[in-house]
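Let me begin by presenting the structure, written as structure tokens, before commenting on it.
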Amino acid sequence: MGPYKYAYYVYKDGERIRTTAYKENLGRFIHNYTESGTYKVIAFVKDRLGKIKTHTIDNLVINLPNEPTISEFRFSTSSTSLGNLIYPYLVINNVSSANIAYNVFKDGVLYYKSKYQPCYGEMGLYFRPSHTGVYTYQVIVRNFNGNIITAYTSNSCEVIEP
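Just so we're aligned, residue 24 is where the sequence shown starts under this note's numbering, counting upward by one.
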């Protein structure tokens, strides 16, 4: 008999990792999986008389992607003329559900900061400088669970007067 109260246990690889308190009229449950493993969820439903029924969802195999890795991040040329685009070549592995942002440095000082955007395995981070100087990039990759990795270009690109 209603109203009902619901509670949940979550197990990962046989060990209980989460316990929720009973809540009224909450017939759904959200859990953010942050690690690969075999999960089990036990749902408890208690009626107004205190009678409890359970239901088990077993053998939920969650395979999350590996952490992203940056295998290459470099300029293809060491100099270019003012007015031209500069863009390093970037290769990132395991980018499923990752976002990317980048910072551009001119003569060692932050010059431009991008917003996060969806990440693809091979990307060009295009930028047109309006001043001469020596430019480097920093890439920031944020994966599905918020972990961040960063890298700087392995070389620099000098922007000179045409």
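Backbone N, C-alpha and C define an ideal beta-carbon position, used for all residues, glycine too.
- Query: Quick one, which of Ile85, Leu105, Val118 has its alpha-carbon nearest Thr92's?
  - Reply: The candidate whose alpha carbon is nearest that of Thr92 is Val118.
- Touching or not, the stretch 28 to 35 and the stretch 63 to 72, by the rule of three or more beta carbon pairs under 8 Å? Contact annotation: the stretch 28 to 35 touches the stretch 63 to 72, with at least three C-beta pairs closer than 8 Å.
- Which of helix, strand or coil DSSP assigns to Ile93: Strand.
- Query: Is it the case that the Cβ atoms of Pro152 and Lys136 are separated by a distance below 8 Å?
  - Reply: In this structure, Lys136 does not lie closer than 8 Å to Pro152 by Cβ.
- Query: Where does Gly156 sit, in a helix, a strand or coil, going by DSSP?
  - Reply: Strand, per DSSP.
- Message: What does the alpha-carbon distance come out to for the pair Pro134 and Val127?
- Response: The amino acid occupying residue 134 in the given sequence is Tyr; Pro does not appear at that position. A straight-line Cα-Cα distance of about 6 Å links Tyr134 and Val127.
- Pull up the DSSP beta-bridge partners for His78, would you. The beta-bridge partner set that DSSP reports for His78 consists of Ala66.
- Under 8 Å by Cβ, that's how I've got Val109 and Thr155 pegged, so tell me the actual separation to the nearest angstrom. This sequence places Ile at residue 109; Val is not what is there. About 12 Å; that fails the 8 Å criterion.
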